[in-house]
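My numbering runs 75 ahead of the 1-based position in the sequence shown. Take a look at the structure below.
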Amino acid sequence: MNDSLRQISNVILAPLMWICSSLGFVIEGANSPGDMSDPNTNLLTPFGAAFSIWLPIFLLCIAYGLVQARPRNREHGVFRRLGWWSAAGFAGVCLWGLVNAFAPMQPFNWALLSTAIIFIPTMLLLVKAMLIVTTEKGNLKGFEKIVTWLGLSLIAGWCSIAVFLNWTTQTVTLMTNAGVDAQLSHTIILALALIWGVFIILKSGGNRAYAFPIIWGLVFIVIRRLNSDPSYTVITVSATIGIVVLIVACLVKPKTKQII
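See below:
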């Protein structure tokens, strides 16, 4: 019963992430992700094209949901280990989409605060699932290995950078009120995101699929800053350095098998 429920949860929640994230485009009066990011003064918000990465993420996660739901995989050890973690992470993304669509943005931006809070456990759950499948992917074969490892790695990586960017507005406000320069405040948050990213990359044994969305996001932060006036050179340079650091972290060979 638990195995069947786990399979059903993943096969339903994977496409539901896409649906919940798109409510603002199909329901009148609902907020789209762009409604929250467009008026945002967050200097770490990447150029809009960066968010296109959600399409392959959704497709791969849906494919993962389908392959893990196959009858022969009901008692598969790998899917048993990671299934509830991925389902809980997918549920978090669904909740994020619902809150983003319907939480009020005026007079207080409850949508921004609530989605920032939701993304913390969501990211941690997805990172846990990614670490499991990275360690166990040798026990998967062919298409099942590709969609499971790649889908969970990409969504974990993208949520890893998103969780820091979602907290940027609130954190920068607190730091600037305390007298910290706004550009320095943004750079500190960017540094924290990089520290987390490097830590997980090393812990996963150099999982490049996990690192790719973080690098992708940083590239589009640089693009946005270079096409803005002012460009905020410190942030641009910091993001560029971050890209190099993440690439180097991916090339470091683990001395021992990663521990979850």
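Heads up, the beta-carbon is just placed ideally off N, CA and C, and yes, glycines get one too. Remember, it's a predicted structure, so these values are computed and weren't measured experimentally.
Exposed unless 16 or more other CB atoms sit within 10 angstroms - verdict on residue i
{"i": "Leu118", "result": "buried"}
{"i": "Ile335", "result": "For Ile335, the pLDDT reaches just 44, beneath the cut-off of 50, and the residue's location in the model is therefore unreliable, although a value from the coordinates is still provided. With fewer than 16 other Cβ atoms within 10 Å, it is exposed."}
{"i": "Thr331", "result": "Reliability fails at Thr331, whose pLDDT of 45 lies under 50, so the model's placement of it is uncertain and the value that follows must be treated cautiously. Classification for Thr331: exposed."}
{"i": "Ala314", "result": "buried"}
{"i": "Phe133", "result": "buried"}
{"i": "Gly213", "result": "exposed"}
{"i": "Asn85", "result": "buried"}
{"i": "Glu103", "result": "exposed"}
{"i": "Asn282", "result": "buried"}
{"i": "Thr223", "result": "buried"}
Cα-Cα separation, residue i to residue j
{"i": "Trp93", "j": "Leu173", "result": "11 Å"}
{"i": "Thr246", "j": "Ala186", "result": "16 Å"}
{"i": "Leu80", "j": "Asp256", "result": "50 Å"}
{"i": "Ala284", "j": "Thr190", "result": "25 Å"}
{"i": "Ser279", "j": "Leu206", "result": "6 Å"}
{"i": "Val323", "j": "Trp271", "result": "15 Å"}
{"i": "Ile298", "j": "Ser306", "result": "10 Å"}
{"i": "Cys169", "j": "Val312", "result": "34 Å"}
Endpoints, the alpha helix (DSSP H) within which residue i is located
{"i": "Arg283", "result": "Arg283 to Leu301"}
{"i": "Asn175", "result": "Gly152 to Phe177"}
{"i": "Asn252", "result": "Thr243 to Asn252"}
{"i": "Lys278", "result": "Ala257 to Lys278"}
{"i": "Val208", "result": "Trp185 to Glu211"}
Three-way DSSP call (helix, strand, coil) for residue i in this model
{"i": "Tyr307", "result": "coil"}
{"i": "Thr120", "result": "coil"}
{"i": "Asp78", "result": "helix"}
{"i": "Arg145", "result": "coil"}
{"i": "Ile320", "result": "Checking the sequence shown, residue 320 turns out to be Val, not Ile. Val320: helix per DSSP, three-state reduction."}
{"i": "Asn85", "result": "helix"}
{"i": "Ile102", "result": "coil"}
{"i": "Val327", "result": "coil"}
Residue i beta carbon near the ligand PLP (any heavy atom closer than 7 Å)
{"i": "Cys136", "result": "The ligand PLP is not part of this structure, which contains no ligands at all."}
| message | Any contact between the stretch 226-237 and the stretch 253-260? By contact I mean 3 or more CB pairs, one from each, below 8 Å. | response | no
| task | Mind the definition here: the stretch 276-293 touches the stretch 305-325 only if three or more C-beta pairs lie below 8 Å; say whether that holds. | result | yes
| request: Report yes or no: do the stretch 133-150 and the stretch 192-202 share at least 3 C-beta pairs separated by less than 8 Å? | output: no
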